[in-house]
Amino acid sequence: MSLRGMSQALLDLVLPRVCAICGAALSEHEREMVCGNCWLKAQELPRPRCDRCGHPYDPTRRAVDCAWCPLLPPFVRSARSAYVLPGGQAEHIVHALKYQGWPAVAEPMARRMALLRFPADVERERAALVPVPLARSRERERGYNQSMELARHLSRYWTIPVRADVLERTRSTATQTQLTPGERRRNVSGAFRATVHREVLRGLHLVLVDDVVTTAATLNACAAALHSGGARIISFVTFGRAPAIGDRW
Ligand SMILES: [Zn+2]
Ligand SMILES: [Zn+2]
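Given below as structure tokens:
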């Protein structure tokens, strides 16, 4: 047994490893912080999904009638999400990452996000990952930005760099949970700004990373800032996605 394996075995002995979500003991081969059972209970975003926005659509209707696509401005090429939120195990996983101080949960989350397939042009063009910036006060309080943690791990899987330095939050915004779609848009409008010279972003296809998307108000505001800062096109990737009004899945 290697020294590392030995110290892990010792550590397991004194400090039994448990799932960060349900608290069940992790078996020896479960090396991540969330147990297999919890992952099984997390609800994947249903299929079929729209090729552009990645939103599930009613298979009895035509894909061109996608109700989510109109949320996206023309310079947003595509969006992808892996799991359904709120409710269920996926929400607990996001909660562990954001509020229970488990940044390590980002690794298994990002591994699953990395499996999402984008249209071929996106996979060919995507130049860098940009995490949605957190308000400085919130990042200080939490100790990390959860979107940055997801982006860091995604970057290894997709072998593209993270550019956390190209976008900043210019003001902190009220939490969006209780707001209507219109209020969400106003709340984040103009809250982000590109921080680098246009030449740095010119012509690039960037992928914004966030933990959850609901009405896309925050991601759209970030995308607008990057686009007016020189980027040609933007795509989104998130771990979770909330149903839109009228969704029946
Ligand atoms: Zn579990
Ligand atoms: Zn769509």
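Per my numbering, the sequence shown starts with residue 1, numbered consecutively.
Glycine included, C-beta positions come from ideal geometry on N, C-alpha and C.
Through-space distance from residue j to residue i, alpha-carbon basis
{"i": "R138", "j": "V213", "result": "19 Å"}
{"i": "D130", "j": "P161", "result": "The sequence shown places Val at residue 130, rather than the Asp named in the question. Cα to Cα, the separation comes out at about 9 Å."}
{"i": "R171", "j": "A135", "result": "7 Å"}
{"i": "A216", "j": "P70", "result": "11 Å"}
{"i": "Y144", "j": "T60", "result": "43 Å"}
{"i": "R124", "j": "A114", "result": "15 Å"}
{"i": "R185", "j": "C22", "result": "35 Å"}
{"i": "L226", "j": "N37", "result": "39 Å"}
{"i": "R142", "j": "L97", "result": "10 Å"}
{"i": "H29", "j": "Q146", "result": "26 Å"}
{"i": "A110", "j": "L85", "result": "16 Å"}
{"i": "P56", "j": "E183", "result": "25 Å"}
{"i": "R169", "j": "R117", "result": "29 Å"}
{"i": "V200", "j": "S27", "result": "47 Å"}
{"i": "A231", "j": "C222", "result": "11 Å"}
{"i": "V105", "j": "F75", "result": "31 Å"}
{"i": "W249", "j": "P243", "result": "8 Å"}
Distance between beta carbons of residue j and residue i, contact taken as under 8 Å
{"i": "T173", "j": "N187", "result": "5 Å"}
{"i": "D58", "j": "P119", "result": "Incorrect: roughly 21 Å between the Cβ atoms, too far for contact."}
{"i": "G101", "j": "S81", "result": "So it is not a contact: roughly 24 Å between Cβ atoms."}
{"i": "M33", "j": "A20", "result": "4 Å"}
{"i": "R77", "j": "I234", "result": "7 Å"}
{"i": "V94", "j": "F239", "result": "6 Å"}
Alpha helix (DSSP H) segment containing residue i, residue limits
{"i": "P181", "result": "P181 to V188"}
{"i": "G240", "result": "Note, G240: premise wrong, no alpha helix (DSSP H); beta strand (DSSP E) at I233 to R241."}
{"i": "H153", "result": "Q146 to W158"}
{"i": "R77", "result": "Not the alpha helix (DSSP H): R77 falls in the beta strand (DSSP E), residues V76 to V84."}
{"i": "A225", "result": "A217 to S228"}
{"i": "I93", "result": "G88 to K98"}
{"i": "S137", "result": "R136 to R142"}
{"i": "L201", "result": "R198 to L201"}
{"i": "A106", "result": "A106 to M113"}
{"i": "E44", "result": "E44 -> no alpha helix (DSSP H), and no H or E assigned at all."}
{"i": "V122", "result": "A120 to E125"}
Extent of the continuous beta strand (DSSP E) to which residue i belongs
{"i": "H205", "result": "H205 to V213"}
{"i": "E168", "result": "L167 to R169"}
{"i": "R193", "result": "F192 to A194"}
{"i": "V130", "result": "A128 to P131"}
- Quick check: the stretch 34-44 against the stretch 87-99, are there 3 or more CB pairs under 8 Å? yes
- Message: With three or more C-beta pairs closer than 8 Å as the rule, is the stretch 196-209 touching the stretch 46-58?
- Response: no
- Check each residue's C-beta against every heavy atom of ligand 2 and list, in chain order, those closer than 6 Å. C50, R52, C53, H55, C66, W68 and C69
- Message: Closer than 8 Å is the cut-off here; do at least three beta carbon pairs connect the stretch 144-155 with the stretch 189-201?
- Response: no
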